[in-house]
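Report on the structure given below.
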Amino acid sequence: MIGLNKKDFGLFLIVCFMALAAPILLNPFPVDSAMSDFNAGYPALMQKFAIFGIVVIGFNILFGLTGYLSFGHAAFLGAGSYAAVWMYKLLSFNVIFAIPASIIVAGLLSVVIGHISLRRSGIYFSILTLAFAQMSYALAYSVLTPITNGETGLQVYNNDPQVLMGEGALAEPHLFGLNLNNLTKVQVGGWEFTFEVGYYLCAIFLILAFYMSIRIFRSPFGMMLRAIKSNQNRLNYTGVSPKPYTLAAFIISGLYAGLAGGLMAAMDPLTGAERMFWTESGEIVLMSILGGVGTLIGPILGAGAIEYMSAIVSAITSADLKSWFGWLPDWLETIVIYVLYPFVGKGWHLTLGVVFMLVVIFLPGGLVEGGQRIGKLFSRKKPATAPGGSATPAE
Amino acid sequence: MQDIIIQILNGLDKGSAYALIALGLTLIFGTLGVVNFAHGALFLVGAFVAVTMQRILNLSYEVIDESQTDFLGNPLKVDTPYVIGWFGESAGNTLIDWAVPLAIFLAIPVMLIIGFVMERGLIKHFYKRPHADQILVTFGLAIVIGEIVKAFYGANPIQTPAPSSLPRTIDFGTWLGYEANAIVYPTWRLVYFFFSAIIIAGVFAFLQFTTFGMVVRAGMADRETVGLLGINIDKRFTIMFGLAASVAGLAGVMYTPILSPHYNLGMDFLVLSFVVVVVGGMGSLPGAVLAGFLLGILQSFASMNEVKAILPGIDQIIIYLIAIIVLLVRPRGLMGRAGVMED
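Top to bottom, those sequences are chains A and B.
Each residue of the first sequence is one higher than the last, beginning at 1 in this note's numbering.
Each residue of the second sequence is one higher than the last, beginning at 1001 in this note's numbering.
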């Protein structure tokens, strides 16, 4: 169906369902219940799930298939955001201009960076991409201030040309007049579900991005990328130059990141250079490892897991801990809270680091491999068939 | 000429820090073949050992001073550090004043232990795994160490001054025959440079002139053969890891008066040191030192106003720019050996 085999189509349907029903699925707890802090079904967070899902799906086409570990993808994200905001400034707030512009700009940047960086491989490639991203970041803060507005961050001002903006048009991002911030709240019993236009825009792009990624994974081009990962020498001996393929993969992943940057600017029409900082690139790498490198569904899981942690774990306060562990004897409660407190709230990065290390050490295939292992426990009779997206650790 | 000397001097302290970190990174890479992204975190731990030393020396008890009264008329309680109680006023104050240099003695055992634990507990299991996995797990470890430091010491930079009995600046120009106040340079930065020069010389001498160093160098060249000769090379490499950790730690301890340490310090230095290592050539110890000083000095030249007037923003990107050029022109780095990390 639509160019996918039965199994992939099933996976695709699952992702479609998850993306479209996310406002309901991610709100399992009633608003008034004690667990409502764990609800993730609010627009700002769901947008992040979808946007970072897109980035990591793209990153996975590069890292998962070819094994080239880029530490500079944040540059494309930032470039995409800048391009989108410039479109708001010059043309109008309609995202129909902003998003293609962000994809194009990120694509051009990725052609340049990819062309140079891909002359080396392994750790040198990582350092080169890191160097380019850090250069973009430093330049955005200093010399390029006329374009990036430096530390203030780029935003739309009243005296900007906005030539295509008619009288009385919306002064925030919209799609042909459909305000992306419009939302509908639906009350069902104790539950409240929020459906936002902006999230659905991201979700549709996520679905498209996912579909493209399945097609790439299953295409001859995808097979070529895998061949590059498993043995580049042999590829050279057969007379095939890997460079065009890796460059194409790099550009595709840059386009994905640019799209995500554009969507970020579509959700919130301002941007700053910090989106290009190397910790952002690091986070993209973390997401892709956590989910499962080289698998189809892994990137979405990884992006979701990390964004969820950053939103939920960082919101836990010591008062929350006290209320959860109040039933313990006092001395034990003190110890438990003392131990747990550094892991929540402002210290959520500690949780992230520990989880990440555990995953790299014990589950090189990420959450997907974890799921497969658990799945195997329950269905031992079945002969182990080769899984669709093989979860081999990345080179 | 004067300006050039000033810029070289300015580049030296940063260059020394880069060189020390890059030296440790290269030691680890050359011996164990592991790409250690947690090396910046070891630098960070060193810096916070200095902070801890300062706090230990300032641990105090309360003494009731009858001669003074507070605003309510009660006898004033004065905090007196234990060291002053034990060693008397002047000796105690000197000890507190010299907290940062004294922290070296605390840092060496602490860093050695951390190095051993890290190597035996974590890195050991990653020898057979791909480089990407090593990068990732040590990257995770770096996050964890940084966050633990944040949990204990907070997120703000902590002041750790250099000993106040040292003169704040020295008139470097008079040594070279310039008139007074032509080239004034902070004393501590010069101390830092000499300190790192001593450490670098020490590491090289250790590898070059001791039997232990000879075995380690043999192991770097051909691990298997050394093992077949009945030498427990793993044990020696573990010690080298501890040594590399202490080098990074000492670099951190002595750097605290130059830059007040905060929990993200390690990450800031890590990225640059990796660039330094790659520019110097993976696995080449002299290359790491050379590239460290070179990039430090180039960075300081790039931040001269005259240069910035011609090439705006060059000070921000010079290091990365050099790295890109070197990697494309000399793929092995300045002094890289053939066959190391070739892929």
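Ideal Cβ positions, reconstructed from N, Cα and C, are used throughout, including at glycine.
As the structure is a prediction and not an experimental result, all values here were calculated from the model.
Closest residue to B/Y1192 among B/L1250, B/L1112, B/Q1068 and B/M1240 (Cα-Cα distance): B/L1250
For A/H115, does the count of other Cβ atoms within 10 angstroms reach 16, so buried, or fall short, so exposed? exposed
Of all the CB atoms in chain A, is at least one closer than 8 Å to the CB of B/V1045? no
Within chain A, the residues that B/K1150 reaches when beta carbons sit closer than 9 Å: P342, K346, G347, H349 and L350
For the beta strand (DSSP E) containing A/V188, name the first residue and the last one. L183 to V188
Any beta-carbon of chain A closer than 8 Å to the one on B/A1323? yes
Buried versus exposed call for A/Y200 [16 or more other C-beta atoms within 10 Å across all chains shown]: buried
Note the first and the last residue of the continuous alpha helix (DSSP H) segment covering B/L1190. T1187 to F1209
Cβ pair B/V1402, B/I1145 closer than 8 Å: Since the first residue shown for chain B is 1001 and the last is 1343, residue 1402 of chain B is missing from the structure and cannot be characterised.
Thinking C-alpha only, which one of A/Y42, A/A79, A/F325 and A/V143 is nearest B/I1310? A/V143
In three-state terms, what does DSSP make of A/H174? strand
How would you list, in chain order, the residues of chain B whose beta-carbon sits under 7 Å from the beta-carbon of A/M212? The contacting residues do not exist; A/M212 stays about 25 Å from chain B at best.
CB contact below 8 Å: A/L245 versus chain B: Before going further, note that residue 245 of chain A is Tyr rather than Leu in the sequence given. No, its Cβ sits nowhere closer than 8 Å to a Cβ of chain B.
Cross-strand partners of A/E192 (DSSP beta bridge): A/Q187
Could you compute how far the alpha carbon of A/V156 sits from the alpha carbon of A/Y88? 7 Å
Output needed for A/T392: all residues of its chain with C-beta closer than 7 Å, excluding positions within five of it in sequence on either side, in chain order. Residue placement at A/T392 is flagged as unreliable, the pLDDT there being 47, under the threshold of 50; a coordinate-derived value is accordingly withheld.
With 8 Å set as the bound, which would you pick, yes or no: does the beta-carbon of A/F399 sit closer than that to a beta-carbon of chain B? It is not possible to answer for residue 399 of chain A, since the shown part of chain A is limited to 1 through 395.
For the segment 120–135 of chain A, list every residue whose C-beta sits within 8 Å of some C-beta in chain B, in sequence order. R120, S121, G122, I123, Y124, S126, I127, L128, L130, A131, F132, Q134 and M135
Taking the alpha-carbon of B/N1156 as reference, which of B/T1138, B/G1281, B/H1262 and B/G1088 has the nearest alpha-carbon? B/H1262
Answer yes if the segment 1090–1101 of chain B comes into contact with the segment 1030–1042 of chain B, meaning at least three C-beta pairs across the two stretches below 8 Å, and no otherwise. no
Verify whether the separation of the beta carbon atoms of A/G198 and A/T271 is less than 8 Å. no
Would you list the residues sitting across from B/Y1061 in a DSSP beta bridge? B/T1080
The alpha helix (DSSP H) that contains B/T1138, what's its start and end? H1131 to Y1153
contact_flag[the segment 244–255 of chain A, the segment 89–98 of chain A] where n(CB pairs < 8 Å) is 3 or more: no
Could you check whether the Cβ of A/S142 sits closer than 8 Å to any Cβ belonging to chain B? yes
Taking the alpha carbon of B/S1164 as the point to measure from, which residue in B/P1257, B/Q1208 and B/V1247 has its own alpha carbon closest? B/P1257
Contact with chain A by B/D1171, beta-carbon distance below 8 Å: no
According to DSSP, simplified to helix, strand and coil, what is B/E1179? coil
Secondary structure, alpha helix (DSSP H): runs of 4+ residues fully inside the segment 12–37 of chain A: 22–25
For the alpha helix (DSSP H) that A/T334 lies in, which residues bound it at each end? D330 to L340
In terms of alpha-carbon separation, which member of A/G347, A/M35 and A/G3 lies closest to A/G190? A/M35
Any contact of the segment 1117–1133 of chain B with the segment 342–356 of chain A, i.e. 3+ C-beta pairs under 8 Å? no
According to DSSP, is A/S244 helix, strand or coil? Ser is not the amino acid found at residue 244 of chain A; the sequence shown has Pro there. Looking at A/P244 - three-state DSSP - the assignment turns out to be helix.
Check whether the Cβ of A/G294 lies closer than 8 Å to any Cβ atom in chain D. In the structure shown, chain D does not exist; the protein chains are A and B.
Start and end of the beta strand (DSSP E) containing B/I1170? T1169 to D1171
Secondary structure at A/T385, three-state DSSP: helix, strand or coil? Any answer about A/T385 is weak, because its pLDDT of 49 lies below 50 and its placement is not dependable; what the coordinates show is given next. If DSSP states are grouped into helix, strand and coil, A/T385 belongs with coil.
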